[in-house]
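Asker: Numbering (our numbering), first residue to last: 18 to 214. All residues carry an ideal CB built from backbone N, CA and C; glycine is no exception. First the structure, which I've put down as structure tokens, then a few questions once you've had a look.
Right under this line is the structure:
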């Protein structure tokens with residue numbers, strides 16, 4: 018990332034930094050950039066990541082989509098397990114030490130149409146597979162229920178986890194057909210870890 022912005026710095030954070038990661042852990046990076054170069058760094062982030070590996074999708078966390086000093090990007094790379102999403106927290110140097118910057122700030126949030134609810138629901142489906150694999154069924158239930166609610170589908174988790182994940186994934190596709198390929202990958206993930214899907 019420094020190649021994109023010479024005066025920036027990148028820090029590994031989260032479970033990988035703490036030494037508590039498992040095979041399901043996301044990759045969490047904090048990218049601290051000069052305030053005056055925030056917009057330029059943001060626009061060049063994906064190109065910088067493409068130098069590492071082909072990027073298949075990028076989502077911006079709607080909670081920070083309009084923040085002037087912070088963005089959180091969810092990045093998926095080609096030929097990398099779905100569990101290993103990159104969560105890239107981009108912060109201006111002036112707020113680098115504030116992990117709660119713009120949390121709960123309505124002005125920082127995305128407006129209607131600026132983020133994909135179906136893609137977000139599909140991410141919840143992946144999170145649910147991860148939660149069940151870790152033995153966290155209630156967390157999985159919450160992820161699935163919120164995923165269905167996010168796309169306005171009157172459904173809830175039943176505890177048949179593979180089927181639940183598959184229903185959420187294909188409900189997302191029904192609203193956004195461009196998600197068919199990643200939804201198929203989620204279905205395969207559910208079959209591999211949950212025995213169905």
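#1: Report the residue from 196, 114, 116 whose alpha carbon sits nearest the alpha carbon of residue 136.
#2: Taking 7 Å as the threshold (C-beta atoms), are residue 164 and residue 185 in contact?
#3: According to DSSP, is residue 100 helix, strand or coil?
#4: How should residue 37 be labelled, buried or exposed, when 16 other C-beta atoms within 10 angstroms of its C-beta is the threshold for buried?
#5: Do you know offhand how far residue 187's Cα is from residue 174's?
#6: Give a yes or no on contact between the stretch 67-78 and the stretch 25-36, applying the rule of three or more CB pairs nearer than 8 Å.
#7: Go ahead and pull the three-state DSSP assignment for residue 41.
#8: Throw me the rounded Cβ distance for the residue 82 and residue 129 pair, which I believe falls under 8 Å.
#9: DSSP on residue 85, reduced to helix/strand/coil?
#10: Within the same chain, show all residues whose beta-carbon is closer than 6 Å to that of residue 50, passing over the 5 residues directly before and after it, in chain order.
#11: Under 8 Å, with one C-beta from each stretch per pair, do the stretch 41-56 and the stretch 96-116 reach the 3-pair mark?
#12: Tell me the rounded alpha-carbon separation between residue 141 and residue 161.
Answerer: So, from the data block:
#1: 196
#2: yes
#3: coil
#4: exposed
#5: 14 Å
#6: no
#7: coil
#8: Incorrect: roughly 11 Å between the Cβ atoms, too far for contact.
#9: coil
#10: 22, 25, 58
#11: yes
#12: 6 Å
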